[in-house]
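Reading through the C-alpha cells given below for one structure.
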Amino acid sequence: MASSAPSLAELIETRRVIVTVGAGGVGKTTTAAAIGVAAARAGKRVLCLTIDPAKRLAESLGIGQMTSEAVTVDPRRFADAGVPLEGSLTAMMLDTKRTFDDLILRYSSSKEKAEQLLSNKLYQYVSTSLAGTQEYMAMEKLVAVKDDPRYDLVVLDTPPTANALDFLDAPERLITALDSSTMKWFVEAFQNSGKFSLNLIAKSAATILRGIGRITGGGFLEAMAEFIAELNDLFGGFKERARNVEKALRGPEVAFVLVTSASPPSIQEVLYFAERLEEANMPRGAFVVNRFHMPPPLAEVGITEADASAGIASQKLLLDANAPARIVSAFEDAKRLASLDARHVQSLVASAAKGGTPVVRVAELETDVHDIRLLAKLADILIQPPA
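The sequence shown: position 149 = 149 (full-length UniProt numbering), numbered continuously.
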C-alpha cells in the first residue's frame, strides 16, 4: 500500500494548500518552511503563513522584521546558498488581532458599529488572548489568501499548541460560542434599551448573572453586555464564515501534513488527529517524523574494536587507546536508538498504510535548520519517493 501513496513532491505539485499540523515542539515551522523551499525550487509561487518563526531562520531568509505584510525572499539569497530557484517564496506572519479586526470591518452593519466594537476593551482582550482565537484566525487567514492569484501554493504553519486538535476544532468552537445561551442572555439584557438590565431576561438567567456581578462588579457585566450586543451584529456573518472555513478545509485542493517526533506521546497525538481528519472527511497528505534515529552504517553486520582500529588507522587519526571501545559503544547506542524509534513508529506506519498516506522519516540533524541551504537539504528528504 505504501508504495502507491503520493509523495510530498506530488502533493506540492497537485495541491493548492498544504497545512502542517502537530503538537508544539515537533518541527512544524521548519517542515513548513522546507516544503515552501521545495515548491519554490520546483517553480511554484509559494506563500508561507507562519505564527512564530525562529529568529535565525527568519533572518537567514532576509525577513528578520517579519510582519503581517507579505515579504518575498530575495532570490539572491537562494543563489548565494547554491539553491536553484524557479519560482518564488513569500512569507507572512499571522497577526491574530489584525485578522480579527478585518472580519469586524467586513461584517459590521455600519462603520460606527465596527468602531464601537474595535474600541471595546473586552474585544481587545478576546481578539488577542482568548483560547482558540489564534487557531480560528489562522484558518480564517488561510481562506482569505488561498484563492489569491499571486500564489500557486499556500503553506500554513499552524499555531503552536499543546493539543493539535485545537486547530481543527476552532471553527466549531466559535459557532458554539456564538450560539450559546450565555451570549443570548447578555444580548437580551442590553439590546432593547442600549443599557444593561437584568429585568429583561428570564429569572434563572438573571440570578446567575447577579451572582457573577457580585464577584466581578456590575461594571464588568455592563462591559460584557455591551461587547456581546455589539458582537451580535456580526453573528450571521461570523457563523457563515466559520462554516465556509470548515468547508474549505475539506476540499480536494487541501492536504494536511501531520508532523510528529518519534516519541510515543507525540505519535499517539498525531494518530488521534489523523483519525479526526478522517472522521471530518479532511484529506491527510503525509506523515513527517522528525528527529528520527536512523540505523548507523553496517548496522546489520556490526563492528568490532578491530574494525574501529582499522578505520582509525586508515584515516590517520590521532586518538587514544580507548577510542576503538568508545566507537563500538557509540555504534551500539545508535543501533538501540534506531531500533527503539522503529518500534515507536510501527503504529503510525500501520495507520498510514491503511489510508495510503506516505511516511517520511527525517533523521536527527547535526545542527538546527536555520538557513536556505539546510532548508533545501531538508526539502530533499521530504520530497523523496515513499518507501
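Positions of the beta carbon are idealized from the N, C-alpha and C atoms, including for glycine.
Next on the checklist: Could you compute how far the alpha carbon of Val368 sits from the alpha carbon of Val37?
Outcome noted: If you number the sequence shown from 1, residue 368 lands on position 368. If you number the sequence shown from 1, residue 37 lands on position 37. For the sequence presented, residue 368 should be read as Asp rather than Val. The alpha-carbon atoms of Asp368 and Val37 are separated by roughly 16 Å.
Checklist entry - Who are the near neighbours of residue 388 in its chain, counting only those whose CB is closer than 6 Å to its CB and skipping five residues on each side? => result Past the boundaries of the shown model lies residue 388; the chain is included only from 1 to 387, so the question cannot be answered.
Checklist entry - Would DSSP call Val328 helix, strand or coil? => result Here residue 328 refers to the residue found at position 328 of the sequence shown. Three-state DSSP puts Val328 in a helix.
Next on the checklist: Can you find the residues in the same chain that come closer than 6 Å, C-beta to C-beta, to Thr20, ignoring five residues on each side of it along the sequence?
Outcome noted: The residue you call residue 20 lines up with position 20 of the sequence shown. Excluding sequence neighbours, Thr20 sits near Lys28, Thr31, Ala32, Asp157, Val257 and Val259.
Next on the checklist: Using the Cβ count rule (16 or more neighbours within 10 Å means buried), how would you classify Tyr272?
Outcome noted: By 1-based counting over the sequence shown, the position of residue 272 is 272. Label assigned to Tyr272: exposed.
Item to check | Cβ neighbour criterion (16 or more within 10 Å) applied to Ala2 | outcome: Here residue 2 refers to the residue found at position 2 when the sequence shown is read from its first residue. Legend: pLDDT at Ala2 = 42, less than 50; position of this residue unreliable, no value from coordinates given.
Next on the checklist: On the criterion of 16 or more Cβ atoms from any shown chain inside 10 Å, does Val301 qualify as buried, or is it exposed?
Outcome noted: Your numbering for residue 301 matches position 301 in the sequence shown. When all chains shown are included, Val301 counts as exposed.
Next on the checklist: Under 8 Å, with one C-beta from each stretch per pair, do the stretch 306-321 and the stretch 349-356 reach the 3-pair mark?
Outcome noted: no
Next on the checklist: Per the DSSP calculation, Ile18 is bridged to which residue(s)?
Outcome noted: Here residue 18 refers to the residue found at position 18 of the sequence shown. Val155 and Ala255.
Checklist entry - If you pair each beta-carbon of the stretch 332-348 with each one of the stretch 305-314, do three or more pairs fall below 8 Å? => result no
Item to check | Beta-carbon proximity list for Glu278, same chain, < 8 Å, skipping 5 on both sides | outcome: As a first step, residue 278 is located in the sequence shown; it is residue number 278 there, counting from the start. Result list for Glu278: Arg284 and Gly355, in chain order.
Next on the checklist: Our contact map puts Ile35 next to Leu382 with C-beta atoms below 8 Å; I'd like the distance itself, whole angstroms only.
Outcome noted: Here residue 35 refers to the residue found at position 35 when the sequence shown is read from its first residue. Here residue 382 refers to the residue found at position 382 when the sequence shown is read from its first residue. Sure, about 6 Å apart at Cβ, within 8 Å.
Checklist entry - Nearest to Ala42 by CA position, among Ala79, Pro84, Val17 and Gly25, is which residue? => result Mapped onto the sequence shown, residue 42 falls at position 42. Nearest option by C-alpha distance: Pro84.
Next on the checklist: Helix, strand or coil, according to DSSP, for Val301 in the structure here?
Outcome noted: Looking up residue 301 in the sequence shown gives position 301. Three-state DSSP puts Val301 in coil, outside helix and strand.
Checklist entry - Are the stretch 324-334 and the stretch 236-251 in contact at 8 Å, needing three or more beta carbon pairs? => result no
Item to check | Contacting residues, own chain, Cβ-Cβ under 7 Å from Val26 (five flanking each side not counted) | outcome: As a first step, residue 26 must be located in the sequence shown, where it is residue number 26. Here the set comprises Val259, Thr260, Ser261, Ser266 and Asn290.
Checklist entry - If we count the other Cβ atoms within 10 Å of its Cβ and call it buried at 16 or more, is Pro159 buried or exposed? => result Locating residue 159 in the sequence shown gives position 159, where the first residue counts as 1. Label assigned to Pro159: buried.
Item to check | Which of helix, strand or coil DSSP assigns to Val270 | outcome: Taking the sequence shown and counting its residues from 1, one reaches residue 270 at position 270. Correct three-state label for Val270: helix.
Item to check | Residue burial classification, Ala79 (beta-carbon count within 10 angstroms, cutoff 16) | outcome: Taking the sequence shown and counting its residues from 1, the one referred to as residue 79 is at position 79. By the 10 Å Cβ count, Ala79 comes out exposed.
Checklist entry - Is it buried or exposed for Leu105, if we count other Cβ within 10 angstroms and need 16 for buried? => result In the sequence shown, residue 105 corresponds to position 105, counting from 1. Exposed.
Next on the checklist: Let me confirm a value: Tyr264 is counted as buried when at least 16 other C-beta atoms fall within 10 Å, else exposed. Which label applies?
Outcome noted: Walking along the sequence shown from the start, residue 264 turns up at place 264. The sequence given here has Pro at residue 264, not Tyr. It is exposed - the Cβ of Pro264 has fewer than 16 other Cβ atoms within 10 Å.
Checklist entry - For Met93, which residues does DSSP report across the bridge? => result The sequence position of residue 93 within the sequence shown is 93, counting from 1. Looking at the DSSP assignment, Met93 forms a beta bridge with Thr50.
Next on the checklist: Quick check on the burial criterion: 16 or more other C-beta atoms within 10 angstroms. Buried or exposed for Tyr136?
Outcome noted: Indexing the sequence shown from 1 puts residue 136 at position 136. With 16 or more Cβ atoms within 10 Å of its Cβ, Tyr136 is classed as buried.
Item to check | Three-state class that DSSP yields for Val126 in the structure shown | outcome: Position 126 of the sequence shown, counted from the start, is the residue given in the question as residue 126. Here Val126 sits in helix by DSSP.
Next on the checklist: Can you give me the C-alpha to C-alpha distance between Pro295 and Asp147, rounded to a whole angstrom?
Outcome noted: Residue numbering aside, residue 295 sits at position 295 when the sequence shown is read from its first letter. Residue numbering aside, residue 147 sits at position 147 when the sequence shown is read from its first letter. Rounded to whole angstroms, Pro295 to Asp147 spans 43 Å at the Cα level.
Next on the checklist: Based on DSSP bridge pairs, tell me the residues matched to Asn290.
Outcome noted: Start at 1 with the first residue of the sequence shown, and residue 290 comes out as number 290. Note: Asn290 sits in a beta bridge opposite Ser261.
Item to check | Residue range of the beta strand (DSSP E) that includes Val73 | outcome: Within the sequence shown, residue 73 is the residue found at index 73, counting from 1. Per DSSP, Val73 belongs to no beta strand (DSSP E) and is neither H nor E.
Next on the checklist: Whole angstroms are fine: how far does the CA of Thr128 sit from the CA of Leu122?
Outcome noted: Working through the sequence shown from its first residue, we reach residue 122 at position 122. Working through the sequence shown from its first residue, we reach residue 128 at position 128. Going by the C-alpha atoms only, they are around 10 Å apart.
Next on the checklist: So, with DSSP's three-state summary, where would you put Asn347?
Outcome noted: Taking the sequence shown and counting its residues from 1, the one referred to as residue 347 is at position 347. First, the amino acid is wrong: residue 347 is Ser here, not Asn. In this structure, Ser347 counts as helix in the three-state DSSP scheme.
Checklist entry - Which term fits Pro149, buried or exposed, when burial requires 16 or more other beta carbons within 10 angstroms of its beta carbon? => result In the sequence shown, the residue the question calls residue 149 occupies position 149. Counting Cβ neighbours within 10 Å, Pro149 comes out exposed, since fewer than 16 surround it.
Item to check | Pair within 9 Å by beta-carbon distance, residue 389 and Thr133 | outcome: The requested residue 389 is not part of the displayed model; the chain covers only 1 to 387.
Item to check | Span of the beta strand (DSSP E) around Ala363 | outcome: Residue 363 sits at position 363 when you count from the first residue of the sequence shown. Counting along the chain, the beta strand (DSSP E) containing Ala363 begins and ends at Val359 to Ala363.
Checklist entry - Mapping DSSP to helix, strand and coil, what is Arg243? => result Counting from one through the sequence shown, the residue named residue 243 turns up at place 243. In the structure shown, Arg243 sits in a helix (DSSP, three-state: H, G or I).
Next on the checklist: Considering only their Cβ atoms, is the gap separating Ser7 from Ala40 smaller than 9 Å?
Outcome noted: Position 40 of the sequence shown holds residue 40. Position 7 of the sequence shown holds residue 7. It is not a contact, given that the beta carbons lie outside the stated cut-off.
Checklist entry - Going by other Cβ atoms of all chains shown within 10 Å of its Cβ, with 16 needed for buried, is Glu269 buried or exposed? => result Residue 269 sits at position 269 when you count from the first residue of the sequence shown. Label assigned to Glu269: buried.
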